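To start, the structure under review is shown below, and the notes come after it.
Protein chains: 2
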Amino acid sequence: MTTVKSETRPGAYFDSVVLMQLQRGLLGLPGVLDAGVVMATPANRELLAANDLLPEASTTAGPDDLLIVVKAETDTAAADALAQVDGLLARRRASADQEFRPRSLAAAAKLLPEAGWVLVSAPGRYAAGVAREALNLDRHVFLYSDNVPLADEVALKQTAQAKGLLVMGPDCGTAIINGIGLGFANRVRRGAIGLVGASGTGLQAITAHIHTLGGGISHAIGAGGRDLKSEVGAITAHQALDVLARDPDTKVIVLVSKPPAPDVATRLLAAARATGKPVVVDFIGYPPPARKLGALHFATTLSEAAEMAVQLLVMSNWETPAQLPTLKGVPVTNYYLRGLFSGGTLAYEALLGLQATLSPIYSNAPIAKDQQLPDPHRSQAHTIIDLGGDEFTVGRLHPMIDNDLRLRRLRQEAADPDVGLILLDVVLGEGAHPDPASELAPVIKEVTGTHFSVGNSGLEVVAIVIGTDSDPQNVSSQVERLAEAGAIVFRTMTEAVDYVSRRLSRYSPAGHLPVSLDRFLQTPLAAINVGLESFYESLISQGAQAVHVDWRPPAGGNEKLAAILAKMRK
Amino acid sequence: MTTVKSETRPGAYFDSVVLMQLQRGLLGLPGVLDAGVVMATPANRELLAANDLLPEASTTAGPDDLLIVVKAETDTAAADALAQVDGLLARRRASADQEFRPRSLAAAAKLLPEAGWVLVSAPGRYAAGVAREALNLDRHVFLYSDNVPLADEVALKQTAQAKGLLVMGPDCGTAIINGIGLGFANRVRRGAIGLVGASGTGLQAITAHIHTLGGGISHAIGAGGRDLKSEVGAITAHQALDVLARDPDTKVIVLVSKPPAPDVATRLLAAARATGKPVVVDFIGYPPPARKLGALHFATTLSEAAEMAVQLLVMSNWETPAQLPTLKGVPVTNYYLRGLFSGGTLAYEALLGLQATLSPIYSNAPIAKDQQLPDPHRSQAHTIIDLGGDEFTVGRLHPMIDNDLRLRRLRQEAADPDVGLILLDVVLGEGAHPDPASELAPVIKEVTGTHFSVGNSGLEVVAIVIGTDSDPQNVSSQVERLAEAGAIVFRTMTEAVDYVSRRLSRYSPAGHLPVSLDRFLQTPLAAINVGLESFYESLISQGAQAVHVDWRPPAGGNEKLAAILAKMRK
């Protein structure tokens, strides 16, 4: 026979370490078989139930109440255990009170004025308030806490951005700043690889693997798991990229995230490219546009991201943007791309590769449904058309055989003054048109160079020619005649995508960051810790200066009382 | 002043080449500025309108009617041009009638009994009927036609599969069988790389690039753009993989497709692995689970797929499945995986990597919404849990610090007789538990080896340890103690995913294929062509034996008449 007894403490706040230690204390008492000490949220109550620890009497406890449950061999043992709760809590408190600790952030900031950072691991419902207080004191924030509302995250990051401060998180598990790990962080040697991550264990796995491979880390900046959502717009990741771009000790950058929103990804990749440094990108679960786009290198796994970063660092001759083939004339930014494809897969690969730089791209065969072109006969903004699509081929030969439809569409696109670049595929081989260049070249010649009146180099036509030297059409002659007509010719889609994405890239860096952000990597890390004491201990053991705040929630965590106090203050 | 005049020929069938040539003939006549000759589908009518070629009188023409439109300088010129339509059509027919041609598939099959293939490029609405006729004659089908209903595709492929025949397509643009290109195909040297593609220009781009790189092709088997949809279930791609697995001339396989349905992808990747040959996979737009999973190599672009295939071929020491680290005991197939993670990104990477082999995998943080675990406290089928998720951490320390929740869940999963393998991450470093092995190892020892009573090696626990030799926990000691307790330990997710996916792989090959399919690669290609004459000419020019059928639709394309004829035959 076993028995389960419980006790509820309404509206009581204890930090998670205290709760864990209370639970362990109870488990060590005579006759106790199991114990649970949790805030009585629905999820936690389910967990207790799954462990046979939910007594019926507890059903009145709510999410702000502390629920203490003991399973024991006898009623007496259970009652005895619950009677010791206050004693166990007091023992804990006595040890914590041995050294002096400021009770507020403001007091801590006076005690350690050089502290540029505030680490916040207070419970989620209080965390945004603490972070705001830190920003008001002009401190960068490492916000470990989870369960912080998205709206608070957006507001905090916007405030921080305006002040030239950084908010890493919420739910930021890890960072390494100037060799000091914040939160969860592996000890790694210092080196020339800088990281930006909307992914805590992603950053840990990559930094640890880089260390194992013999490489080292300059800084690893966390952004929080939701930073790359549309609502947040990767504010922190953009700041972090900017900082690492300027940091002379960072030679290679790694950017890691769970799948970002597509529009956020496009802007962030443009920013990554604008750093001028090799960047390894691991957007986990996001189809990579290519293995390599200019100086962007796309990894498929965390361990591969680490391996690529180390390889890029040891390679003596990086391909920097300056060494890429030069572009013809000035960039055609602010003009639209139109792709006119005969091959469906080629059209799809072009969409996939170019959406990393241009977004949105409309199509009759789009990647995402919201980029469906309403009328396949009329392009809008950036558009890529598969002219071999079913809607175009009823009673008509495939565009690989019959160029009529494509030639008409080529003239139609060229007549649109907003179009800067037209992308074509020319597929040779058996079954295809015996001499596509004979029909395409004259129209290409007609439309290129005559389009823009002032200050631009004219409409560009880029052609990808798929074929072999054995094909009946003679690939070299096709390439030569298309180039003579003014087309820029590539033999693979990857090269064409790389060229076009640089040609139409719209990224303009934000200019110099406020001094407070630009300087934060150059000074030794000193920090104020609010929340988990173990994070403070870890800072000290790494040789950083730190102060721990003996933080308590307003009104001791009693929400009703806190609301009354807040009203009285008004 | 220009004028537009038109003529409608109700229910008339002409093949697309005839229509293109009529349009060109009209354009060559005096005073004609533009001309359009199309079946009057809504899409084609819009196209005419976009080219100022749509006269109001034409509004009565329907999708089965031929619409001939002429734009000319004068009314007379337009009328004169239209008067010559019959003459232009007759001229074409006379040239086509110069040599004898069978009028039916059956007749063609008698003429060339060794023809194992029928190429069908008749218009979409007739194509399924022709393909079915070919299957009835025990011929493999290359179905170029598009606009074929999906239900017809499924029915055709099921029939073919039952008979040991192959249906490539519909909308199959290309194939290379025994060195002969079908449809659109680049001329490439023969070699040891075999391809399977649900992507016409994908196959063309890869085969052409392989040739350019100095490699060669054994066979390239098209499947049609919809083969990897759930409805079709990749019937053709599975047959093709099976055939290439058996083909002694194929040493490396390339599998290319636009994004497949996830469940279809999982089964196809298992089949690819079962070939025992290195397979390069390019599922365009599908996030690769890893760079390499056993003998599967994931490419991100078409050109990279070609490069990887050539590299694999020239590498003297491929890593074949036999050379991979051996598995412990017998496979735990038919048992479920349970992943208990403390790191959210690690959980996500595990989901992504393992969904290539196991599907579905449920989670509290799933990749797709339909794999959301209804109750995070209760696993079902394959499940991977992020124990650091917000729902688990209210008033509780993160599972990297406090192992209590995970230890309870570990015992809970181990008690489930359907569970064969439990996957854990152990993240070391600053801020984390000072000695996780001290708590995890005893429970791992308790649950491993005691689970299955008969004929199996016991429950397996696989652990990924993320950490460095500088971490406070001492990574080697952690690894050692976890291994001593019975866990199989890896230092990166990629290695763990590779191990687990082989351990739980459920693929069982279909056994030997019917002889007719197994033999089709060994005999020289001979074919019957129905539709585009240029495909016949291309076969002849490549040295293949071929017969062209002078095919006409039932009742000359008049749908009403065809329906009456069909009724009369009953």
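Going down the list, the sequences are from chains W and H.
The first sequence begins at 1 in the working numbering and counts up one residue at a time.
The second sequence begins at 571 in the working numbering and counts up one residue at a time.
Note that the Cβ used here is the ideal one computed from N, Cα and C, for glycine as well.
Quick caveat, the model's predicted, so the values are computed rather than measured.
Helix, strand or coil: how does DSSP classify residue 324 of chain W here?
-> The sequence position of residue 324 of chain W within the first sequence is 324, counting from 1. Low confidence applies here, because residue 324 of chain W scores a pLDDT of 45, under 50, leaving its location unreliable; read the following figure in that light. Correct three-state label for residue 324 of chain W: coil.
For residue 1024 of chain H, which residues of its own chain have a beta-carbon under 7 Å away from its beta-carbon, when the five flanking residues on both sides are left out?
-> Residue numbering aside, residue 1024 of chain H sits at position 454 when the second sequence is read from its first letter. Because the pLDDT of residue 1024 of chain H is 42, which lies under 50, any placement of that residue in the model is unreliable, and the number read from its coordinates should be weighed accordingly. Close CB contacts of residue 1024 of chain H within its chain, under the 7 Å cut and outside five residues either way in sequence, are absent.
Return no unless some Cβ of chain W is closer than 8 Å to the Cβ of residue 988 of chain H.
-> Taking the first residue of the second sequence as position 1, residue 988 of chain H is located at position 418. Closer than 8 Å: no.
For residue 885 of chain H, count neighbouring Cβ atoms within 10 angstroms of its own Cβ and tell me buried if that reaches 16, exposed if not.
-> Walking along the second sequence from the start, residue 885 of chain H turns up at place 315. Exposed, because fewer than 16 other Cβ atoms sit within 10 Å of the Cβ of residue 885 of chain H.
Look at residue 1091 of chain H and residue 1036 of chain H and say whether their C-beta atoms are less than 8 Å apart.
-> In the second sequence, the residue the question calls residue 1091 of chain H occupies position 521. In the second sequence, the residue the question calls residue 1036 of chain H occupies position 466. Their beta carbons are not under 8 Å apart, which means residue 1091 of chain H does not touch residue 1036 of chain H by this criterion.
Hey, does residue 931 of chain H have any beta-carbon neighbour from chain W nearer than 8 Å?
-> Taking the first residue of the second sequence as 1, we reach residue 931 of chain H at position 361. When Cβ-Cβ separations below 8 Å define contact, residue 931 of chain H makes no contact with chain W.
Under a three-way DSSP split, which group does residue 782 of chain H fall into?
-> Position 212 of the second sequence holds residue 782 of chain H. In this structure, residue 782 of chain H counts as helix in the three-state DSSP scheme.
Within this structure, are the beta carbons of residue 1064 of chain H and residue 917 of chain H separated by less than 8 Å?
-> Taking the second sequence and counting its residues from 1, one reaches residue 1064 of chain H at position 494. Taking the second sequence and counting its residues from 1, one reaches residue 917 of chain H at position 347. Going by C-beta atoms, residue 1064 of chain H is not nearer than 8 Å to residue 917 of chain H.
Please go through the same chain and pick out, in chain order, the residues whose beta-carbon is closer than 6 Å to the beta-carbon of residue 171 of chain W, but skip the five residues on each side of it.
-> Counting from one through the first sequence, the residue named residue 171 of chain W turns up at place 171. Same-chain partners within the cutoff: 146, 224, 225.
My understanding is that residue 402 of chain W touches residue 396 of chain W, with C-beta atoms under 8 Å, so please give their C-beta distance in whole angstroms.
-> The count along the first sequence starts at 1 and reaches residue 402 of chain W at position 402. The count along the first sequence starts at 1 and reaches residue 396 of chain W at position 396. Yes, they are in contact, since the Cβ atoms of residue 402 of chain W and residue 396 of chain W sit about 7 Å apart, within 8 Å.
Sub-8 Å separation of residue 690 of chain H and residue 697 of chain H beta-carbons = Translated into the one-based positions of the second sequence, residue 690 of chain H becomes position 120. Translated into the one-based positions of the second sequence, residue 697 of chain H becomes position 127. Yes, Cβ-Cβ distance for residue 690 of chain H and residue 697 of chain H is below 8 Å.
Give a yes or no on whether the minimum CB-CB distance between residue 471 of chain W and chain H is below 8 Å.
-> As a position in the first sequence, residue 471 of chain W is number 471, starting the count at 1. Output row for residue 471 of chain W: interface = yes.
Answer with yes or no whether the minimum CB distance from residue 382 of chain W to chain H is below 8 Å.
-> For the purposes of this step, residue 382 of chain W is identified with residue 382 of the first sequence, where counting begins at 1. Closer than 8 Å: no.
Does the beta carbon of residue 641 of chain H sit closer than 8 Å to a beta carbon anywhere in chain W?
-> For the purposes of this step, residue 641 of chain H is identified with residue 71 of the second sequence, where counting begins at 1. No - not a single Cβ of chain W is within 8 Å of the one on residue 641 of chain H.
In chain W, which residues lie less than 8 Å from residue 644 of chain H when you measure between Cβ atoms?
-> The residue given as residue 644 of chain H occupies position 74 in the second sequence. What residue 644 of chain H touches in chain W: nothing, since even the nearest Cβ is about 23 Å away.
What three-state label does DSSP hand residue 78 of chain W in the structure shown?
-> Within the first sequence, numbered from 1, the residue matching residue 78 of chain W stands at position 78. Of the three classes helix, strand and coil, the one that applies to residue 78 of chain W here is helix, per DSSP.
Quick one: does residue 1137 of chain H have its CB under 8 Å from some CB of chain W?
-> For the purposes of this step, residue 1137 of chain H is taken as residue 567 along the second sequence, with counting starting at 1. No - not a single Cβ of chain W is within 8 Å of the one on residue 1137 of chain H.
Going by DSSP, name the residue or residues bridged to residue 35 of chain W.
-> Along the first sequence, one-based indexing puts residue 35 of chain W at 35. Answer is W:70.
Along the chain, which unbroken stretches of the beta strand (DSSP E) at least 3 residues long are found entirely within the stretch 333 to 390 of chain W?
-> Unbroken beta strand (DSSP E) runs of no fewer than 3 residues, entirely contained in the stretch 333 to 390 of chain W, are found at 336 to 341, 361 to 363, 382 to 386, following chain order.
Under a CB-based cut-off of 8 Å, is residue 1118 of chain H close to chain W?
-> The residue labelled residue 1118 of chain H in the question sits at position 548 within the second sequence. With a threshold of 8 Å between beta carbons, residue 1118 of chain H makes no contact with chain W.
Completely contained beta strand (DSSP E) runs for the stretch 520 to 551 of chain W, where each covers 3 or more residues | If we require 3 residues or more, the beta strand (DSSP E) runs fully inside the stretch 520 to 551 of chain W come out as 526 to 530, 545 to 549.
The stretch 698 to 705 of chain H in contact with the stretch 762 to 776 of chain H per 3-pair CB rule at 8 Å = Segments in contact, no.
Closest Cα partner of residue 81 of chain W within the set W:124, W:23, W:209 | Stepping through the first sequence from its first residue, residue 81 of chain W is reached at position 81. It is W:23 whose Cα lies nearest to the Cα of residue 81 of chain W.
Cα separation between residue 632 of chain H and residue 610 of chain H?
-> Position 62 of the second sequence, counting from 1, holds the residue named residue 632 of chain H. Position 40 of the second sequence, counting from 1, holds the residue named residue 610 of chain H. If I take the Cα positions, the gap works out to 5 Å.
If we ignore side chains and look at the alpha-carbon of each, how far apart do residue 438 of chain W and residue 474 of chain W end up?
-> By 1-based counting over the first sequence, the position of residue 438 of chain W is 438. By 1-based counting over the first sequence, the position of residue 474 of chain W is 474. Pairing residue 438 of chain W with residue 474 of chain W, the inter-Cα distance amounts to about 12 Å.
For residue 769 of chain H, return the contacting residues in chain W, with the cut-off set at a CB-CB distance below 7 Å.
-> One-based indexing of the second sequence puts residue 769 of chain H at position 199. Ordered by position in chain W, the residues that pass the 7 Å Cβ test against residue 769 of chain H are 345.
Report buried or exposed for residue 76 of chain W, applying the criterion of at least 16 other Cβ atoms within 10 angstroms of its Cβ.
-> Taking the first sequence and counting its residues from 1, the one referred to as residue 76 of chain W is at position 76. The residue in question, residue 76 of chain W, is exposed, as its Cβ has fewer than 16 Cβ neighbours within 10 Å.
On the three-state DSSP scale, how would you describe residue 249 of chain W?
-> Translated into positions along the first sequence, residue 249 of chain W becomes position 249. Reduced to three states, the DSSP call for residue 249 of chain W is coil.
Cα separation between residue 296 of chain W and residue 394 of chain W?
-> The residue you call residue 296 of chain W lines up with position 296 of the first sequence. The residue you call residue 394 of chain W lines up with position 394 of the first sequence. Approximately 41 Å between the Cα atoms of the pair.
Should residue 391 of chain W be flagged as near chain H, meaning a C-beta pair shorter than 8 Å?
-> Numbered from its first residue, the first sequence carries residue 391 of chain W at position 391. At least one chain H Cβ lies under 8 Å of residue 391 of chain W.
With a cut-off of 8 Å, does the C-beta of residue 779 of chain H fall near any C-beta of chain W?
-> As a working mapping, residue 779 of chain H is identified with position 209 in the second sequence. Closer than 8 Å: yes.
Interface flag, residue 258 of chain W vs chain H, CB-CB below 8 Å = For the purposes of this step, residue 258 of chain W is taken as the residue at position 258 of the first sequence. Yes, residue 258 of chain W counts as interfacial toward chain H.
With C-beta atoms as the reference, is residue 1010 of chain H less than 8 Å away from residue 748 of chain H?
-> Against the second sequence, residue 1010 of chain H aligns to sequence position 440. Against the second sequence, residue 748 of chain H aligns to sequence position 178. No, these two residues do not count as a Cβ contact at 8 Å.
Determine, using beta carbons only, whether residue 8 of chain W comes closer than 8 Å to chain H.
-> Your numbering for residue 8 of chain W matches position 8 in the first sequence. No, residue 8 of chain W does not count as interfacial toward chain H.
Is residue 576 of chain H helix, strand or coil by DSSP?
-> Residue mapping note: residue 576 of chain H aligns to position 6 of the second sequence, counting from 1. Residue 576 of chain H sits in a strand when the DSSP states are folded into three classes.
Residues of the stretch 278 to 291 of chain W with a CB closer than 7 Å to any CB of chain H: list them in chain order, please.
-> So the close ones are 284, 285, 286, 287, 288, 290, 291.
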